[in-house]
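Convert by adding 139 to the 1-based position in the sequence shown; the result is the number in the working numbering.
Glycine is no exception: its CB is placed at the ideal position from the N, C-alpha and C atoms.
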Amino acid sequence: MRYAQLKAFHAVAVNGGFSKAAERLALTQPAISDHIRKLEDAYGSELFLRRRGGVELTPFARKLYALTERIFEAETEALELLSRAKGLEEGSLSIGADAATHVLPLIRRFRERYPKIAVRLLAGNSARLLGKLDRFEIDFAVIAGTPPPQTYHARLLRDDAISAFTAATHPFAKRSEISFAEFLGQPVILREEGSVTRTLLLEEITRRSLSLGNVMEIESREAAREAVAGGMGIGIISTAEIVPDARLHTLRFTDWQASMSEWLVCLASRTNLHIIRAVLGLLRR
């Protein structure tokens with residue numbers, strides 16, 4: 140019984156709320172609430188503070204979460220060990236990616252090789268995906284930039300140049316090149332914090348002792364692309380992210396040679412797991 144209650148607690152802590160935890164564990168929300176209430180009553184300790192839009196862990200719950208994280212990670216490793224003899228006949232694989240385009244060929248090869256493994260693909264920027272990786276919510280993240288090697292195991296997928304892009308109706312759409320100063324002279328569409336293209340742009344602005352004036356911050360790549368297509372501003376994009384769209388026009392920077400590397404990343408501590416090795420093995424083919 141305590142196992143079910145601890146599992147419910149861990150799911151609420153990881154997912155930030157009772158309804159999401161219920162969905163993740165395929166239980167009803169009242170069942171999750173009952174598990175938490177019994178755990179709190181049995182030990183006389185409050186675990187969650189109810190906030191608008193989610194829950195917050197109490198100081199005691201944060202200590203408990205550090206332990207349940209180890210418990211359920213050990214459980215995952217134990218199940219992996221037991222399933223090795225089956226040759227990956229069951230289980231699941233979760234991959235997070237800022238742009239699914241670059242990882243889809245790998246997923247296709249994996250599904251061809253291991254058709255009985257359920258594959259889940261999630262979206263998010265690099266910072267958010269590393270957070271999910273750290274919380275064991277996903278097995279792999281496809282991110283831009285190189286993570287710390289002592290914590291993560293990373294394999295390079297591709298390396299792409301950074302370009303500017305505008306609406307096809309913009310005056311600059313008649314050109315093939317743009318200077319950095321000309322770029323900053325336009326209204327700029329900026330991705331959210333955690334986006335690598337945003338980081339690259341802001342670092343270059345700081346290096347040149349310049350400033351960014353007219354800017355609109357937008358949270359997703361797709362929304363940013365639509366804003367640029369709608370004539371709301373000019374943006375930056377890696378060549379790998381460019382998709383055929385008659386509404387958009389790309390320009391090469393004349394005085395800024397930036398590039399963005401994309402990596403397939405997992406936790407270094409999990410490289411011994413069979414499913415992790417299976418995915419990494421496909422990269423060598």
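What is the residue span of the alpha helix (DSSP H) that Glu332 lies within? The residue you call residue 332 lines up with position 193 of the sequence shown. Here Glu332 belongs to no alpha helix (DSSP H), and DSSP marks it neither H nor E.
Over the uninterrupted alpha helix (DSSP H) stretch that includes His129, give me the two end residues. What is shown of the chain runs 140 to 424, which leaves residue 129 out entirely.
Out of Leu419, Ala160, Arg416, state which residue places its alpha-carbon closest to the alpha-carbon of Glu276. Looking up residue 276 in the sequence shown gives position 137. Looking at the Cα atoms, Ala160 is the closest of the given residues.
If we require 4 or more residues per run, which alpha helix (DSSP H) segments fall completely within the stretch 247-328? 265-273, 319-323
Determine the DSSP secondary structure at Val194, reduced to helix, strand or coil. Within the sequence shown, the letter at position 55 stands for residue 194. Three-state result, Val194: strand.
Relative to the C-alpha of Leu295, which residue among Val151, Leu422, Gln144, Gly156 is closest? Mapped onto the sequence shown, residue 295 falls at position 156. Considering only alpha carbons, the answer is Leu422.
Measure from the alpha carbon of Leu220 to the alpha carbon of each residue in Leu419, Gly420, Arg409, then state which is nearest. The residue you call residue 220 lines up with position 81 of the sequence shown. The option with the nearest alpha carbon to Leu220 is Arg409.
Within the continuous beta strand (DSSP E) that includes Leu403, where are the two ends? Taking the sequence shown and counting its residues from 1, the one referred to as residue 403 is at position 264. Unbroken beta strand (DSSP E) run through Leu403: 398-406.
What would DSSP say about Arg386, mapped onto helix, strand or coil? Here residue 386 corresponds to residue number 247 of the sequence shown, with the count starting at 1. Of the three classes helix, strand and coil, the one that applies to Arg386 here is coil, per DSSP.
Taking DSSP's pairing of strands, which residues face Ile344 in a bridge? Indexing the sequence shown from 1 puts residue 344 at position 205. None, per the DSSP bridge assignment.
DSSP on Gly420, reduced to helix/strand/coil? The count along the sequence shown starts at 1 and reaches residue 420 at position 281. If DSSP states are grouped into helix, strand and coil, Gly420 belongs with the helices.
Please name the residue, chosen from Gly284, Tyr204, Ile376, Tyr291, that lies closest to Leu272 on a Cα-to-Cα basis. Residue numbering aside, residue 272 sits at position 133 when the sequence shown is read from its first letter. Of the listed residues, the one whose Cα sits closest to Leu272 is Tyr291.
Classify Ala165 as helix, strand or coil using the three-state DSSP reduction. Taking the sequence shown and counting its residues from 1, the one referred to as residue 165 is at position 26. Looking at Ala165 - three-state DSSP - the assignment turns out to be coil, as it is neither helix nor strand.
Could you check what DSSP says for Gly155 in three-state terms: helix, strand or coil? Locating residue 155 in the sequence shown gives position 16, counting from the first residue. Looking at Gly155 - three-state DSSP - the assignment turns out to be coil, as it is neither helix nor strand.
Does DSSP put Glu208 in a helix, a strand or coil? The residue given as residue 208 occupies position 69 in the sequence shown. Looking at Glu208 - three-state DSSP - the assignment turns out to be helix.
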